[in-house]
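J.:
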Amino acid sequence: MRKKKVLVCGASGFIGRNMAETLARRDDFVVYGTYFKTPLAGHTGFEAIKADLTKEDEVAKVVKGMDIIIQAAATTSGAKDIVTKPYYHVTDNAVMNSLIFRSAYEHKVAHVVFFSCTVMYKSASLPAKETDFNANDDIFPAYFGVGWTKVYLEKMSEFYSRLGNNKYTVIRHSNIYGPHDKYDLERSHVFGATVTKVMTAPAGGKITVWGSGEEERDLLYISDLVDFVELALDKQQASFELFNAGSGSSISIKGLVQRIISASAKDITAHHDLSKPTIKTKLCLDITKAKKALGWQPGISLDEGIRKTLQWYERNYSKNDRRQQP
């Protein structure tokens, strides 16, 4: 039986790296992974290809001949850029995905997986269902640019799925964490930044957390997201599906920081800098649709995920590396 060719766009990134290395272990796949600015060092099991996915000719070269595309390439950053440079997430991502989707259609790629996000959902006390988003409602101001860009790309996915050459899976995933995430203080999200602060803090020291920590987030360990994608590839029948993928519960940032400190077994305290941005929202995802359609549910608890992440950090960052981190 011919092995399927899988292209993971953005294989030098957090989600893409984990996706490519896991899928490469399957006997029925041959996996290729793209990178651009960040060289792929120490990766296992897949062929790395350098490509600028904002250029039409380079997109066509990497897409041609593929059976599956996992679109994990994106311009991303943390809360600082979302607040101070909201345009940063819009232009390149719109161009990149438009070219990838069109090329996938032209080259008859059978299945495309697109990672969306959850910023289009309103803050709420109850878990958000896929149908809870209403395009007539405003998106939270700090997420206006990135949110509407994601909605546009979700609809573009549905548009191409209706033309007949491709099957599309759109995943509105919650905050993903785990190995190969960003662990610096300029580009990382709150989980990665907190891990770095905790692991580099001296005994008896103090770490600074942006904002009050009142906002609540749904957190999902990376291997659970990879499992989700594999199930979608194997089981999805419809030409287009949009799924939530999260833990189904939320934790405050303040509570998350304390859980990470506790798991580290270090004697340190947290100080909240109230002069820094706080996006005061609460969000967790209703994952009923994915459970029913794919038989998927998270397998890694938050405490286990934190432990696994700290163990990976210990193995991959020497004491010298930690001193050099910002």
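Residue numbers (the working numbering): 211 to 536. Where is the CB? At the ideal position from N, CA and C, for every residue including glycine. Here the structure is a predicted model, which means the values were calculated and not measured.
1) Please classify GLY515 as buried or exposed, where buried requires at least 16 neighbouring CB atoms within 10 angstroms.
2) What whole-angstrom Cβ distance do LEU441 and ILE386 have, given they're in contact under 8 Å?
3) Determine the contact status of ALA283 and GLY226, defining contact as a CB-CB distance below 8 Å.
4) Taking 8 Å as the cut-off, decide whether the C-beta atoms of SER308 and ALA270 are in contact.
5) Using the C-alpha atoms, what's the distance from PHE354 back to ILE461?
6) Rank ILE280, LYS214, HIS317 and MET409 by C-alpha distance to the C-alpha of ASN228 and give the top, closest one.
7) DSSP has PHE202 in a bridge; who is on the other side?
8) Tell me VAL216's beta-bridge partners as DSSP assigns them.
9) So, at 8 Å on beta carbons, what are the nonlocal neighbours of GLU231 in its own chain, with the 5 sequence-adjacent residues on each side left out?
10) Look up ASN346 in the DSSP assignment and say whether it is helix, strand or coil.
11) Would the beta-carbon of SER449 fall within 8 Å of that of SER511?
12) Please name the residue, chosen from ASP347, GLY458 and ALA221, that lies closest to PRO337 on a Cα-to-Cα basis.
13) Where does ARG212 land, buried or exposed, given buried means 16+ other C-beta within 10 angstroms?
14) Using DSSP with H/G/I as helix, E/B as strand and the rest coil, what is TRP420?
15) How many Å lie between LYS335 and LYS214 at the Cα?
16) For my contact list, HIS317 and VAL273 are in at a C-beta cut-off of 8 Å; report their separation, rounded to the angstrom.
17) Taking GLY465 and LEU495 to be in contact with their CB atoms under 8 Å, please state how far apart those CB atoms are, rounded to whole angstroms.
18) Counting Cβ pairs, one atom from each stretch, are 3 or more of them under 8 Å apart for the region 395 to 409 and the region 346 to 360?
19) Tell me the DSSP secondary structure of ARG532 in three-state form.
20) So, with DSSP's three-state summary, where would you put PHE246?
T.: Well, looking at it:
1) buried
2) In fact, because the Cβ distance is near 16 Å, the residues do not count as touching under 8 Å.
3) yes
4) no
5) 23 Å
6) ILE280
7) The structure shown does not extend to residue 202, since the chain is modelled only from 211 through 536, so no value can be given for it.
8) VAL241 and ILE278
9) HIS253, THR254, GLY255 and PHE256
10) coil
11) no
12) GLY458
13) exposed
14) strand
15) Residue identity check: residue 335 is Ser in the sequence provided, not Lys. Their backbone Cα atoms lie some 43 Å apart in a straight line.
16) 5 Å
17) About 18 Å separates the two Cβ atoms, so there is no contact after all.
18) no
19) At ARG532 the pLDDT is 48, less than 50, meaning the model places this residue with poor confidence; the figure from the coordinates comes in the next sentence. Of the three classes helix, strand and coil, the one that applies to ARG532 here is helix, per DSSP.
20) coil
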